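Peer 1: Residues in the sequence shown are numbered from 10 upward in steps of one, following our numbering.
Beta carbons are placed, not taken as given, at the ideal position from N, Cα and C, and that holds for glycine.
Bear in mind that the values here come from a model prediction, so they are computed numbers and not experimental data.
This is the structure I have questions about; it appears just below.
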Amino acid sequence: MGNTENIELTNRPSQDVEIIYPGTSGNADANINADANADANANAPPVVFSVTASDQDTNGNFNTNQANNSSPRSVDSASSNNNVISLDELKYGYSSYHAICTPVSITMILSAIAVTYIQIEREANEKAVSDYYTIYDVSNTANSNVKNFGLSLINGLVIISVIATATFLIVLLYKYRCMKLLLGYMIFSSAALLGMLGGVMFQTFIQKYNVIIDNITFYFLLVNFAVVGTAAIFYGKGIPSFITQMYLVFTSVILAWQLSFFNEWTAWMLLVLLALYDLCAVLTPCGPLKALVNLMQRDDAPEMPGLLYEARLPDGVDRPGRGSRRGDNSNSNNSIGNANANAN
10 MGNTENIELT NRPSQDVEII YPGTSGNADA NINADANADA NANAPPVVFS VTASDQDTNG
70 NFNTNQANNS SPRSVDSASS NNNVISLDEL KYGYSSYHAI CTPVSITMIL SAIAVTYIQI
130 EREANEKAVS DYYTIYDVSN TANSNVKNFG LSLINGLVII SVIATATFLI VLLYKYRCMK
190 LLLGYMIFSS AALLGMLGGV MFQTFIQKYN VIIDNITFYF LLVNFAVVGT AAIFYGKGIP
250 SFITQMYLVF TSVILAWQLS FFNEWTAWML LVLLALYDLC AVLTPCGPLK ALVNLMQRDD
310 APEMPGLLYE ARLPDGVDRP GRGSRRGDNS NSNNSIGNAN ANAN
């Protein structure tokens with residue numbers, strides 16, 4: 010429904026009411042003749058009706074018959090129509106939910122399997138991770154629960170602060186178009202995560218299940234895994250989209266496996282703090298991930314592959330009221346773990 014202008018006509022002698030419709034020039038006047046019987050209806054309440062853009066003919070004049078039939082209840086009917094969900098909106102909502110839920114569910118399942126079945130020398134790994142990532146050691150059995158809670162809270166806040174700072178830095182670099190610097194950082198971090206942390210995870214798997222493999226083959230597979238993954242994420246031309254999505258899922262799984270070596274107090278505290286941080290980063294107006302998604306959805310936004318997980322909607326499903334961005338039907342959705350993995 011177009012712009013609506015309410016007009017009050019009191020019952021007084023016949024006169025012309027001059028209306029200038031919004032959006033037209035001052036010379037395009039529309040005259041409505043309102044006949045009222047002042048003697049019979051002197052004390053009658055004013056009559057209110059609505060004139061809309063649909064009541065205006067090609068000459069700029071309003072059709073008084075349509076205007077008179079357009080009563081205040083037309084506003085109520087328009088409001089009720091706005092509350093009706095169309096079939097396209099239902100299809101878009103279901104497809105968007107499915108596109109986001111599928112990779113997140115796969116990542117959670119693979120992470121749980123990796124943490125459960127790819128583990129050796131847990132105490133030594135916990136000590137190594139504690140030395141690298143935490144400030145205070147909470148593995149001392151002499152500490153009370155209150156002290157362990159406080160120390161793990163400090164450790165968790167330090168890690169969350171580093172992740173938040175890195176994420177805000179990524180948003181600022183993207184906002185001010187420092188693309189070469191941002192792209193270099195993203196390529197280096199992804200290659201290091203796939204190559205180094207992925208190599209540690211692969212080596213642990215070999216030791217756990219006594220897989221026979223020589224060093225040349227090990228490093229050959231590792232280098233190919235890292236190079237192909239980096240090319241799939243940041244280059245992508247000629248590479249199927251599911252390969253890129255698969256490597257993004259692997260990135261999150263490897264990072265989750267690495268973070269599983271925290272001791273129990275720090276791990277649970279970090280899990281809670283990460284959940285709260287992700288909610289704030291995605292849902293709040295000042296959240297960095299929300300700002301990043303909004304920046305990437307602009308029409309003039311530069312391409313930045315690997316920054317967020319891009320889930321492709323099925324063919325024929327587009328966002329109601331607007332076409333798909335950049336000529337395709339892909340919808341850039343935030344799969345929370347990937348942005349945090351790159352920030353780390």
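With C-beta atoms as the reference, is residue 180 less than 8 Å away from residue 300?
Peer 2: yes
Peer 1: How is the beta strand (DSSP E) around residue 319 delimited, first residue to last?
Peer 2: 319-321
Peer 1: Do residue 160 and residue 145 come within 8 Å of each other at the CB atom, strictly closer than that value?
Peer 2: Yes, the pair counts as a contact, with Cβ atoms nearer than the cut-off.
Peer 1: Give a single yes or no on whether residue 144 has its beta carbon closer than 7 Å to a heavy atom of the ligand GDP.
Peer 2: The ligand content of the structure shown is nil, which means the ligand GDP is not present either.
Peer 1: What does a CB cutoff of less than 6 Å around residue 265 pick up in its chain, not counting 5 residues either side in sequence?
Peer 2: 120
Peer 1: Using 8 Å as the threshold, is the C-beta distance between residue 420 and residue 150 below it?
Peer 2: Coverage of the chain is limited to positions 10 through 353, which leaves residue 420 absent and any answer about it impossible.
Peer 1: By the three-class DSSP mapping on this structure, what secondary structure does residue 254 have?
Peer 2: helix
Peer 1: Could you tell me whether the region 248-262 touches the region 101-111, where touching means 3 or more Cβ pairs closer than 8 Å?
Peer 2: no
Peer 1: May I ask you to verify whether the region 170-190 touches the region 228-245, counting CB pairs closer than 8 Å and requiring at least 3?
Peer 2: no
Peer 1: Under 6 Å Cβ to Cβ from residue 282, same chain only, skipping five residues before and after it: list those, please.
Peer 2: 165, 169
Peer 1: Only counting the same chain, and skipping five residues up and downstream in sequence, which positions put a Cβ closer than 8 Å to that of residue 217?
Peer 2: 126, 127, 128, 129
Peer 1: Can you grab the Cα-Cα spacing for the pair residue 256 / residue 137, in whole Å?
Peer 2: 26 Å
Peer 1: Label residue 236 either buried or exposed according to how many other C-beta atoms from any shown protein chain fall within 10 Å of its C-beta, with 16 as the threshold for buried.
Peer 2: Per the 10 Å Cβ criterion, exposed.
Peer 1: Under the rule that 16 or more other beta-carbon atoms within 10 Å means buried, what is residue 141, buried or exposed?
Peer 2: exposed
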